Each structure stands twice: as structure tokens, then as C-alpha cells.
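Student: The listed protein sequences derive, respectively, from chains A and B. This note's numbering puts the first residue of the first sequence at 3, with every later residue one more than the last. This note's numbering puts the first residue of the second sequence at 6, with every later residue one more than the last. Ideal Cβ placement from N, Cα and C applies to all residues, glycine included. Computed from a predicted model, the values in this text were never measured in an experiment. Dropping the structure in here first, questions after.
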Amino acid sequence: MLKTRIIPSLLLSDGGLVKTCRFSDPKYVGDPINAIRIFNEKEVDELMVLDISASHKGKGPDYGLIERFAGECFMPLCYGGGISSLEQARRIFSLGVEKVCLQTAVLGDPSLIEDIASRYGSQSVVISVDVKKNWLGRKCLYSASTKKTLKRLFMDYVSSAVEAGAGEILLNSVDRDGTMSGMDLELITQVSSTFSVPLIASGGVGSIKDMKDAVDAGASAVAAGAFFVFHGPHRAVLITYPKYEDLEKELGAMD
Amino acid sequence: MTVIVDYGVGNVNSVANMIRHVGGECEISSDPERILDAHKLILPGVGAFDSGMGALAERGLVDVLSKVVLDRAVPVLGICLGMQLMTRSSQEGILPGLGWINGDVRKFSFDDPKLKVPHMGWNTVDISRDNPLIAPEDRQRFYFVHSYYVSCDNESDVIAKCNYGHDFVAAFARDNVFGVQFHPEKSHRFGMALLRRFMEFSNA
């Protein structure tokens with residue numbers, strides 16, 4: 003039976019591993035290669051590495067670092083951050099990465115999704131959708147690189163991305179990021195019930211129960227950051243991953 | 006030397022990374038001369054059936070591969086699309102496959118909206134019979150990403166099955182020809198064990 007994928011999502015900033023809270027206040031949590039080695043030993047389902055400094059600072063991907071990640075990663079690896087051309091994606095795939103995650107380059111124009119999907123297949127393109135409440139409490143599409151909410155409706159953005167060939171949707175609730183306070187289930191249901199491609203829910207995981215709730219709400223997979231790198235009430239840095247048996251018991255199978 | 010056939014449609018580096026990790030030696034090549042000299046072959050691949058067959062043809066590799074695999078009985082492991090190319094044909098395209106295994110490739114089609122296509126993620130396999138590739142252990146799990154699956158004419162070619170909506174062939178083996186639908190290079194210790202067994206396999 004197909005298992006629900008539980009994906010550690012690691013944030014890079016200038017070569018170091020960080021964790022944010024509501025997309026702000028990045029706290030240094032360690033060396034990324036060391037973290038990937040630990041996650042490898044723990045046999046995680048999949049790994050996502052997002053360079054949050056790349057697009058924001060107008061830099062491209064750090065290929066040397068990505069190559070080292072891929073060499074350590076014996077599970078599927080998704081990389082996001084600073085990808086704005088087919089050539090960059092090609093180079094990343096050639097280093098041993100399975101999937102690229104796109105946001106900044108495709109917020110206005112989905113043609114890069116189409117270029118990559120038609121060459122490398124839809125399964126290799128993940129689109130990142132960040133959703134943040136505005137001052138009226140309305141859920142808006144958010145641009146992580148400019149740190150601004152956008153006028154464009156997030157459902158419209160997802161729709162054009164899926165039509166262009168995106169194979170997975172990484173749906174992130176900015177308001178829940180790093181809070182470990184539970185996921186935005188309403189948002190997950192809204193998106194997963196509208197689109198047929200797999201949805202990776204992210205933002206707010208504080209327990210395996212939160213993951214289960216997201217799956218019940220329609221998520222195909224769950225990504226989390228703080229849950230895997232912080233431990234205890236004082237958020238001490240400690241890399242953990244639940245035992246396979248515990249995940250299986252709580253989450254069961256999908257079919 | 007084990008040659009990982011690079012025909013431009015697969016993540017060949019992941020496969021090389023894991024083979025080296027389990028202590029094997031390999032090279033990545035699309036050179037017919039190197040392939041003719043190989044003691045073992047790995048045919049990886051991601052993407053559409055016709056673009057895969059087309060890419061092999063463009064590089065002049067279709068006849069070379071068949072010569073090495075069928076005439077010289079060099080052990081070969083097809084991964085994902087590489088496995089599918091070893092059959093006769095696919096619903097995904099119009100080009101004939103390599104035809105080393107009697108079988109065809111079909112598309113997943115489900116009425117249940119919860120069964121998304123592609124079948125993506127970790128799934129367990131059931132071993133159908135003793136074989137040199139996959140150890141006879143229960144609860145082995147592997148990483149799958151595919152929208153099409155292989156259907157074999159001969160049940161005796163099937164060495165492992167997986168279930169997604171219905172049973173399908175997770176792995177086949179016939180003499181020196183091996184194929185796996187999943188990605189051993191991305192299936193941590195289960196994939197390492199499989200690749201180690203393939204590297205140790207000898208039909209000489």
C-alpha cells in the first residue's frame with residue numbers, strides 16, 4: 003500500500019541551515035550537509051531543500067552545495083531557490099536531484115513550468131504556493147522573495163501552474179510556518195479538492211496528529227521544518243524523525 | 006565495468022552515487038564502444054516511452070544494447086522507464102520497445118479520485134518467487150514515480166508485485182534481464198541491498 007510521504011523541509015540561507023517563524027526571523031540551526039546525513043540515516047521518505055536567500059538576494063542556485071546534498075541523499079530530493087531558467091533546472095537534475103521547486107520565476111508567467119515539465123516530466127516540477135492572511139483576514143497569494151502579498155488569487159496561480167504541467171503543489175501557510183500550532187485544514191481542503199495533482203501540505207506541523215489531520219483534509223504528503231529540527235518547549239536544536247512504525251500506525255496507508 | 010547508459014532522459018548521477026556507495030564501480034556513458042565492452046548494464050530513465058526509445062535510437066544504441074543483452078547475455082537492470090522500454094510496446098507511445106520481455110506497458114486509470122496518477126511515493130512489494138535481485142524479505146519498501154505500468158505475458162517472469170488500485174509488476178527477471186518499476190537509487194537501504202545484489206550477480 004502507498005504510504006503517506008512525510009518530508010523534512012530544510013531552509014538554506016547563505017549556505018547555512020535556518021528555520022523561520024511565519025517566514026521571518028531565521029534562526030541558524032546548523033550545517034546542512036550534517037543535517038542531510040542525519041536525515042539519510044533516519045531513512046526519511048523524501049527531502050526538500052529550499053534556499054530562501056537565493057531569489058531574495060537575486061542569486062542563482064549554489065550548485066556546489068546542491069551536488070554535495072545529492073551525493074548524500076539516497077532518497078528523493080527536491081531543490082528550490084533561485085531557479086529562473088530551463089538551463090538551471092537541467093544543471094540541477096544532472097547533479098542528481100529529482101525535483102525542482104519553483105515560485106518566484108512563475109508567479110506571473112507559468113512558461114518555465116511548461117519548459118521543464120515537457121522536457122523532464124511533470125513529476126519533476128513542484129510549485130510552491132505561499133498563502134498569507136492580509137489585514138482583513140483574507141487568504142492571499144504571497145511572494146516569498148519580495149515578502150509581499152499579491153493581488154493575484156492563489157487559486158488562479160495554482161490553476162495556471164497545474165495547467166502548465168506542475169506535478170505537485172507545495173502549499174504553505176505562512177501564518178502557521180514555524181508555529182507548530184496545527185495546519186490550515188480549510189486551505190488544504192480547498193486546494194486538494196480542486197486539483198488532481200498531489201498536494202504537499204506545509205506550515206504548522208507540531209505532532210503526528212497534525213499530519214494525520216492534513217491527510218484527512220486531502221493532502222497527499224506533509225512537509226515540516228520546525229517539527230524535525232526543534233525539540234522541547236525551548237526549541238533546542240535537535241534533528242529528529244518519527245520511527246517508520248509510528249508513522250505507519252498513525253497515518254496508515256493511502257489506498 | 007558496469008556502464009550506466011546515459012541517453013539523456015534519466016537521473017544517471019543518482020544511480021552512480023548509490024552504486025559507488027555500495028562499493029561498486031561504474032561509469033556513465035552513451036558511447037556504443039563502452040557499452041559493447043560492459044560487463045553489466047544499467048538502463049535508467051524518466052519520462053515518456055517514445056522520447057526514451059527515440060533517444061536510444063538517436064544515439065545508435067538500440068541494436069548495440071540488444072546485441073550485448075541478447076547475444077552476449079550481459080546482465081542488465083532497467084529502472085522505471087528503462088524497465089518499460091524492455092517490453093514490446095506502451096500505450097504511451099507508438100514506437101516499438103526493445104522487446105526483451107514479453108509484455109506491454111499500460112496506463113493507470115482509476116475512477117476513485119483519491120488514487121492520484123502518477124503513483125508517487127513509497128510502497129511495499131510482495132516477492133513472487135526466489136530471484137537474484139530482491140531478497141525474500143517482507144515489508145521492503147521502494148520509491149515509485151510512474152503513470153504507466155508493465156504487464157507481463159508470462160507470470161514466471163514476474164519477481165515482485167506492488168498494489169496501487171490493483172496489482173501490477175514491480176519487478177521482472179528473465180535470465181540476464183532485470184527490470185524494476187521503482188527507483189532503487191532513491192530507496193535507501195532497500196535500494197542499496199538491491200543494487201548490491203545486482204552488482205554481485207553473475208550468470209557466467
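Ignoring anything shorter than 4 residues, give me the alpha helix (DSSP H) runs that lie fully in the stretch 61-105 of chain A, in order along the chain.
Tutor: Segments of the alpha helix (DSSP H) lying fully in the stretch 61-105 of chain A: 65-74, 88-96.
Student: In this structure, what does DSSP give as the bridge partners for Ile33(B)?
Tutor: Answer is Ile9(B).
Student: Are the beta-carbon atoms belonging to Val133(A) and Val102(A) less than 9 Å from one another?
Tutor: Against a cut-off of 9 Å, the Cβ pair of Val102(A) and Val133(A) comes out as no contact.
Student: Please state whether DSSP places Leu200(B) in a helix, a strand or coil.
Tutor: In this structure, Leu200(B) counts as helix in the three-state DSSP scheme.
Student: If we ignore side chains and look at the alpha-carbon of each, how far apart do Ser161(B) and Val174(B) end up?
Tutor: C-alpha separation (whole angstroms): 11 Å.
Student: Kindly say whether Pro80(B), judged by its beta-carbon, lies nearer than 9 Å to any beta-carbon of chain A.
Tutor: Taking Cβ atoms only, chain A never reaches closer than 9 Å to Pro80(B), which makes this a no.
Student: Who are Gln157(B)'s beta bridge partners in DSSP?
Tutor: A small fix is needed here, since residue 157(B) is Cys in this sequence, not Gln. Answer by DSSP bridge pairing, in chain order: Gly108(B).
Student: To the nearest angstrom, report how far apart Val27(B) and Phe206(B) are at their CA atoms.
Tutor: Rounded to the nearest angstrom, the two C-alpha atoms are 14 Å apart.
Student: In its own chain, which residues sit with a C-beta less than 7 Å from the C-beta of Asp257(A), not counting the 5 before and 5 after it?
Tutor: Residue placement at Asp257(A) is flagged as unreliable, the pLDDT there being 43, under the threshold of 50; a coordinate-derived value is accordingly withheld.
Student: Rounded to the nearest angstrom, what separates Ile132(B) and Glu250(A) at their Cα positions?
Tutor: Roughly 21 Å between the two C-alpha positions.
Student: If I measure Cβ to Cβ from Asn128(B) and keep anything under 6 Å in the same chain, skipping five residues before and after, which residues do I get?
Tutor: Excluding sequence neighbours, Asn128(B) sits near Phe149, Cys167.
Student: Determine which residues of the stretch 115-147 of chain B have a Cβ less than 9 Å from any Cβ of chain A, and write them out in chain order.
Tutor: Cβ contacts with chain A come from Asp117, Pro118, Lys119, Leu120, Lys121, Val122, Pro123, His124, Met125, Gly126, Trp127, Asn128, Thr129, Arg146.
Student: Please give the ranges of any beta strand (DSSP E) in the stretch 75-139 of chain B, keeping only runs that are unbroken, at least 3 residues long and fully inside the region.
Tutor: You should have 81-84, 108-112, 124-132.
Student: With 9 Å set as the bound, which would you pick, yes or no: does the beta-carbon of Leu97(A) sit closer than that to a beta-carbon of chain B?
Tutor: Output row for Leu97(A): interface = yes.
Student: By the three-class DSSP mapping on this structure, what secondary structure does Pro10(A) have?
Tutor: Here Pro10(A) sits in strand by DSSP.
Student: Quick check: Ser57(A) and Thr106(A), are their CB atoms within less than 9 Å of each other?
Tutor: For Ser57(A) and Thr106(A), yes; Cβs fall inside 9 Å.
Student: Just the C-alpha distance for Ala225(A) and Met197(B), rounded to the nearest angstrom, thanks.
Tutor: Roughly 25 Å separates the two Cα atoms.
Student: Applying a beta-carbon distance threshold of less than 9 Å, which residues of chain A neighbour Arg194(B)?
Tutor: Per Cβ cutoff of 9 Å: Glu45, Phe76.
Student: Report the rounded CA-to-CA distance for Lys121(B) versus Val217(A), giving the unit in angstroms.
Tutor: Their Cα atoms are separated by approximately 14 Å.
Student: Name the DSSP beta bridge partners of Val231(A), please?
Tutor: Paired residue(s): none; Val231(A) is not in a bridge.
Student: I'd like to know whether the C-beta atoms of Gly83(A) and Val46(A) end up nearer to each other than 9 Å.
Tutor: No.
Student: Can you pull the DSSP bridge partners for Leu201(A)?
Tutor: Paired residue(s): Ile171(A).
Student: Could you check the C-alpha separation between Leu48(B) and Phe203(B) for me, to the nearest Å?
Tutor: The straight-line gap from Cα to Cα measures roughly 13 Å.
Student: Output yes if chain B places a C-beta closer than 9 Å to the C-beta of Val160(A); else output no.
Tutor: No, Val160(A) does not count as interfacial toward chain B.
Student: Would you grab the beta carbon distance between Phe71(A) and Ile38(A) for me? Rounded to a whole angstrom, and I think it's under 8 Å.
Tutor: Going by Cβ atoms, the distance from Phe71(A) to Ile38(A) rounds to 6 Å, so yes, they are a contact pair.
Student: Nearest to Gly254(A) by alpha carbon, out of Met213(A), Gly139(A), Ala228(A)?
Tutor: Nearest option by C-alpha distance: Met213(A).
Student: Hey, is Met213(A)'s beta-carbon within less than 9 Å of any beta-carbon in chain B?
Tutor: No, its Cβ sits nowhere closer than 9 Å to a Cβ of chain B.
Student: Taking 6 Å as the limit between beta carbons, can you name the residues of its chain near Ser15(A), skipping five residues before and five after?
Tutor: Pro28, Ile54, Ser55.
Student: What span of residues does the alpha helix (DSSP H) with Thr191(A) cover, start to end?
Tutor: Note, Thr191(A): alpha helix (DSSP H), 187-194.
Student: For the 8 Å Cβ check, are there 3 or more pairs between the stretch 73-88 of chain B and the stretch 29-36 of chain B?
Tutor: They do not touch, by the three-pair rule.
Student: I need the straight-line Cα distance from Ala166(A) to Gly123(A), nearest angstrom please.
Tutor: Straight-line Cα distance between these residues: approximately 11 Å.
Student: May I ask you to list, following chain order, the residues of the stretch 99-126 of chain A that have a beta carbon less than 9 Å from some beta carbon of chain B?
Tutor: Flagged, chain order: Val99, Glu100, Arg121, Tyr122, Gly123, Ser124, Gln125, Ser126.
Student: Got a sec? Which residues, its chain only, sit under 8 Å from Pro101(B) by beta carbon, not counting five neighbours each side?
Tutor: Excluding residues within five positions, the ones whose Cβ falls inside 8 Å are Met58, Arg93, Ser94.
Student: May I ask you to report which of helix, strand or coil DSSP gives Met256(A)?
Tutor: A caution first: Met256(A) carries a pLDDT of 49, below 50, which makes its placement in the model too unreliable to give a value.
Student: Consult DSSP for Asp162(B) and reduce its assignment to one of helix, strand or coil.
Tutor: Reduced to three states, the DSSP call for Asp162(B) is helix.
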